[in-house]
Amino acid sequence: MRKKLQYLFLLSMFLCSNLFAQGLNSIVTLDGTNVIAVGDNGNILRSSNGGNTWSKNIVAGYSFKCVAAYDSTVWAACSNGKIIRTKPGNNPLTILNVSVNSINSICAIDNLTAFVCGNNGEVYRTTNYGANWDLRNSGISFPIKLNSISFKDALNGVVVGDGGYIYTTANGGTTWTLAATPTTRNLLKVKYYATGICAVGEYGVLLMKAGAGNFTAVNTRILTDIRGVSGIDFNNVKVCGGGGFIRNNSGGNSKFLNFEVNPMMANLVDIFYLDANTGYAVSSLNDAIIKTTNGGQNWNLTGGATATYTWVTKLTASGSIGNTLCPHPNNRDAMFVVYNTGIYRSSNRGENWTQIGTIAVSGLTLSRTHSFYVNPIDTNIMVAASESSPNDVVVKSTNYGANWTVSFSKNFSSYGQPLEQDQNAPNRYYFVPDGGGFYKSTDYGSTFTQVSTYPFLSPCDIVVMYDSANVLYVGESSPSRVYKSTDSGANWTLVLTSSGSEIPSIANSIFDKTQAYATTFSSPLWKTTNYGDNWTQVYTLTGSGWGSDICREDPNFYLTGTYSGSTGYKTTNGGASFFTSSITTGAGAGIIVMEKAYMLAQQTTNLQKLSISYNTPTSIEETTISNSIPAKYGLYQNYPNPFNPSTVIKFDLVKNGYVKLVVYNEVGREVETLLSAVRNAGTYEVKFDATALSSGVYFYKLETESGSFTKKMLLVK
14 MRKKLQYLFL LSMFLCSNLF AQGLNSIVTL DGTNVIAVGD NGNILRSSNG
64 GNTWSKNIVA GYSFKCVAAY DSTVWAACSN GKIIRTKPGN NPLTILNVSV
114 NSINSICAID NLTAFVCGNN GEVYRTTNYG ANWDLRNSGI SFPIKLNSIS
164 FKDALNGVVV GDGGYIYTTA NGGTTWTLAA TPTTRNLLKV KYYATGICAV
214 GEYGVLLMKA GAGNFTAVNT RILTDIRGVS GIDFNNVKVC GGGGFIRNNS
264 GGNSKFLNFE VNPMMANLVD IFYLDANTGY AVSSLNDAII KTTNGGQNWN
314 LTGGATATYT WVTKLTASGS IGNTLCPHPN NRDAMFVVYN TGIYRSSNRG
364 ENWTQIGTIA VSGLTLSRTH SFYVNPIDTN IMVAASESSP NDVVVKSTNY
414 GANWTVSFSK NFSSYGQPLE QDQNAPNRYY FVPDGGGFYK STDYGSTFTQ
464 VSTYPFLSPC DIVVMYDSAN VLYVGESSPS RVYKSTDSGA NWTLVLTSSG
514 SEIPSIANSI FDKTQAYATT FSSPLWKTTN YGDNWTQVYT LTGSGWGSDI
564 CREDPNFYLT GTYSGSTGYK TTNGGASFFT SSITTGAGAG IIVMEKAYML
614 AQQTTNLQKL SISYNTPTSI EETTISNSIP AKYGLYQNYP NPFNPSTVIK
664 FDLVKNGYVK LVVYNEVGRE VETLLSAVRN AGTYEVKFDA TALSSGVYFY
714 KLETESGSFT KKMLLVK
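First residue of the sequence shown? That's 14 in my numbering, and the numbers climb one at a time after it.
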């Protein structure tokens with residue numbers, strides 16, 4: 014039996030459809046049992062069993078930006094300047110008007126008191142359950158867009174907005190004081206804890222203020238937005254954002270390097286912790302809601318939600334080997350890739366590509382490019398390693414790829430990635446040729462000097478440890494081995510010998526330098542958690558391992574492809590388990606994972622991007638059609654009819670009151686209660702899903718305070 018509807022929400026002014034819902038913006042729970050999430054285009058998801066099942070309402074004409082709760086009262090803020098207030102159970106809603114064009118955030122102080130903020134520097138307060146709202150923005154001197162408001166009690170509050178602005182109050186909003194902040198980025202969310210304030214925003218901005226101190230910035234080492242902040246304690250702050258990361262500062266980890274394992278591969282825009290253990294988080298791109306019951310040690314999809322993963326070709330080109338994917342160092346939406354000698358650029362996260370240049374040197378015939386880098390100090394500087402005859406070459410451009418000159422000439426492995434840019438010091442590049450030796454450049458790739466004569470055999474990849482530039486790894490072939498150096502390449506120690514013919518790719522993380530993964534051109538996938546000194550096999554691939562990457566915003570996420578197959582292997586929990594998806598056509602080459610929801614696979618004949626979609630089953634879907642008062646009560650014939658497996662039931666209510674909609678079988682036994690609540694006058698539709706029922710005749714009955722109505726329908730499977 015599906016659960017009865019537990020919350021009552023507003024009527025709509027216009028026709029609407031479930032197709033308009035795009036996802037969720039905010040989530041709250043009163044008690045861990047009754048949960049509500051809201052989003053744009055009237056999207057509302059509710060659960061009365063902690064998220065085991067969800068019911069959906071679509072309310073046209075309203076976009077819900079934020080939801081808050083206190084005791085047994087739920088407040089939902091809308092972009093049209095209205096507040097919707099209700100209680101659990103069969104209680105009528107109240108629509109509250111606030112003198113503001115758009116409300117971006119709401120904070121409930123107690124059963125009577127709440128604050129909201131809006132687009133033009135407005136802050137309003139109610140102290141009488143929303144009956145009246147008074148403007149409380151003295152000190153906020155110009156119409157800044159305020160995005161989030163939070164109070165720790167009736168007097169002490171904080172509001173944040175675009176441009177890095179933060180205002181605080183110590184007198185219940187009577188006056189606000191501008192706080193000094195170390196950013197001009199837009200701040201998106203704030204929370205006032207008992208002993209401090211946390212504000213988060215675009216491009217990884219995370220600000221902390223302990224007690225009476227100043228706001229200081231945490232170096233989160235990401236470019237993606239942080240959009241949600243929660244947690245019940247200033248020493249255990251929870252933040253979320255990007256393509257699905259959740260981080261916290263528990264255990265004194267001031268850099269927020271505790272990453273909470275979760276399955277979401279889409280932007281997370283809000284997180285809500287009820288207590289130390291129970292939390293929920295939502296994405297604006299789907300209706301999938303994730304939940305933790307153990308303080309973030311792990312999260313799970315709720316309500317039977319499932320994900321579908323599809324690799325989609327975005328660029329058709331050939332002549333790829335090694336890994337020539339390179340993110341733009343200053344533009345998080347831009348990406349480069351080289352096929353053969355053609356340089357391609359995307360400005361929209363890999364969706365579309367344009368060739369912007371060709372790697373060419375007068376007098377030489379260049380072919381496949383194996384490594385390619387755009388320098389973060391000066392994006393005009395590009396350095397690449399390309400095949401040539403009689404010797405392969407390292408080439409450099411100082412004018413954004415228009416002209417190229419040879420920096421170094423020495424043959425390298427025909428399938429490796431021989432060149433690496435040091436992410437710790439962009440003036441340094443490392444080069445490892447075939448047949449021995451190790452070389453370094455300290456002048457942005459203009460010249461190279463030999464630092465070791467170590468006899469590497471067909472080396473495949475070089476990795477520099479983050480924050481420890483003297484530590485390097487080299488993977489080689491014939492046989493598959495990994496070497497480690499702790500003195501910038503002068504000396505090397507063998508740390509891994511594997512089966513297979515080579516180590517095609519080594520991936521490490523900016524967040525945790527103890528860990529790295531190594532693929533093999535056979536089945537074993539290896540991982541180290543002690544700085545590369547020891548390696549453990551964590552998975553057996555089907556096919557030959559090739560390109561790989563640890564996610565640039567969450568080290569729990571790792572992706573590797575296969576060269577001879579068409580399978581991608583992903584883990585969201587640090588290698589504890591893996592799941593697969595098909596990468597269509599072409600052999601694997603490079604992999605890059607910028608976010609959990611933004612990853613590219615460079616195949617030998619095309620470039621593909623992973624598309625992720627979520628499906629969240631909803632037990633009841635109710636749509637408010639109109640708030641116009643009908644001339645009479647009415648129960649319409651369901652459509653379609655006959656149906657399989659779902660149909661829509663429409664009815665009219667002449668006045669406010671209790672209403673019940675029940676489905677019976679042929680012998681009069683109740684099989685489904687679709688609605689049991691108070692509804693205002695208007696026209697409604699309820700979707701009935703009969704997947705669990707057998708074919709036959711059914712009856713649906715509408716019970717109102719003025720009488721009942723019954724109609725027949727036919728389920729044909």
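Cβ coordinates follow ideal geometry from the N, Cα and C atoms, glycine included.
Rounded straight-line distance, which links the Cα of residue j to that of residue i
i	j	result
Thr140	Ser161	19 angstroms
Met478	Ser402	33 angstroms
Gln615	Ile563	15 angstroms
Gly257	Lys700	31 angstroms
Tyr457	Pro468	25 angstroms
Trp505	Tyr178	51 angstroms
Asn343	Pro389	7 angstroms
Phe425	Thr229	47 angstroms
Leu666	Ala694	5 angstroms
Asn103	Tyr627	Bear in mind that the predicted position of Asn103 carries a pLDDT of just 48, short of 50, making it unreliable; the figure below should be weighed with that in mind. Going by the C-alpha atoms only, they are around 31 angstroms apart.
Glu364	Ala294	27 angstroms
Ile57	Gly317	17 angstroms
Glu698	Phe664	7 angstroms
Ile369	Thr237	26 angstroms
Arg260	Ser522	15 angstroms
Leu37	Asn65	18 angstroms
Gln703	Val41	Correcting the residue type first, residue 703 is Ala in the shown sequence and not Gln. Using only the alpha carbons, I get a separation of about 30 angstroms.
Glu566	Asp525	11 angstroms
Ala373	Phe421	15 angstroms
Met26	Asn311	For Met26, the predicted structure reports a pLDDT of 28, less than 50, and the residue's modelled location is therefore unreliable. A value from the coordinates is still provided. So the alpha carbons of these two residues sit roughly 41 angstroms apart.
Thr549	Thr555	18 angstroms
Leu23	Cys91	Caution is warranted here: a pLDDT of 31 is assigned to Leu23, below 50, making its placement in the model unreliable, and the coordinate value is therefore given only provisionally. One C-alpha to the other measures close to 11 angstroms.
Arg494	Gly488	6 angstroms
Pro276	Gly588	13 angstroms
Asn132	Asp175	10 angstroms
Lys714	Tyr652	15 angstroms
Residue closest to residue i, alpha-carbon to alpha-carbon, out of the options
i	options	result
Ile121	Thr315, Asn169, Asn114, Tyr428	According to the sequence provided, residue 121 is Ala. The question's Ile does not apply to it. Minimum Cα distance to Ala121 is reached at Asn169.
Ile210	Thr187, Thr188, Thr181, Thr190	Thr181
Tyr75	Leu554, Ala89, Ala482	Ala89
Thr696	Glu635, Ala610, Ile157, Leu727	Glu635
Val171	Pro156, Ile157, Lys158, Ala192	Ala192
Tyr352	Leu620, Leu432, Tyr576, Gly217	Leu620
Gly214	Asn678, Gly502, Asp283	Asp283
Ser659	Pro630, Glu683, Val350	Pro630
Gly448	Phe128, Lys423, Arg441	Lys423
Val672	Pro643, Gly720, Pro653, Gly709	Gly720
Lys409	Val396, Glu400, Ala415	Val396
Val72	Asn184, Leu554, Asp53, Thr555	Asp53
Tyr486	Thr326, Met726, Val508	Val508
Gly55	Lys69, Ser61, Pro492, Ile40	Lys69
Pro537	Gln528, Pro517, Thr190	Pro517
Ala167	Gly176, Ile157, Thr187	Thr187
Trp145	Lys165, Leu159, Thr107	The sequence shown places Asn at residue 145, rather than the Trp named in the question. The candidate whose alpha carbon is nearest that of Asn145 is Thr107.
Ser297	Ala279, Gly309, Thr291	Ala279
Glu608	Ala602, Phe570, Ser465, Pro439	Phe570
Ala610	Val419, Arg362, Val476	Arg362
Residue i beta carbon near the ligand ZN (any heavy atom closer than 7 angstroms)
i	result
Thr229	The ligand ZN is absent from the structure shown, which contains no ligand whatsoever.
Nearest-angstrom Cβ-Cβ length linking residue i and residue j, presumed shorter than 8 angstroms
i	j	result
Ser557	Phe534	5 angstroms
Ser641	Ile604	About 55 angstroms; that fails the 8 angstroms criterion.
Leu706	Tyr322	Not really, about 32 angstroms apart at Cβ, beyond 8 angstroms.
Pro472	Gly429	6 angstroms
Phe731	Val407	A question about residue 731 goes unanswered here, because the residues of the chain that appear run from 14 up to 730.
Val484	Ser498	7 angstroms
Asn393	Thr418	Not a contact, Cβ separation roughly 14 angstroms.
Beta bridge counterpart(s) of residue i as assigned by DSSP
i	result
Leu727	Val710
Leu191	Tyr180
Arg240	According to DSSP, which records beta bridges pairwise, Arg240 is partnered with nothing at all.
Ile57	Val51, Asn70
Segment contact flag, the stretch 145 to 154 with the stretch 197 to 214, C-beta cutoff 8 angstroms, min 3 pairs:
Because the criterion of three Cβ pairs below 8 angstroms is not met, the stretch 145 to 154 and the stretch 197 to 214 do not touch.
Any contact of the stretch 233 to 245 with the stretch 284 to 291, i.e. 3+ C-beta pairs under 8 angstroms?
For the pair of segments examined, the stretch 233 to 245 was found to touch the stretch 284 to 291: the number of CB pairs separated by less than 8 angstroms reaches three.
For the stretch 326 to 338 against the stretch 374 to 388, are there 3 or more C-beta pairs whose distance is under 8 angstroms?
With the cut-off at 8 angstroms, the stretch 326 to 338 and the stretch 374 to 388 touch.
Do three or more CB pairs link the stretch 678 to 693 to the stretch 647 to 658 at distances below 8 angstroms?
As far as the Cβ criterion goes, the stretch 678 to 693 does not touch the stretch 647 to 658, which means the pair count is below three.
Would the stretch 572 to 586 count as touching the stretch 261 to 268 if we require 3 or more Cβ pairs under 8 angstroms?
They do not touch, by the three-pair rule.
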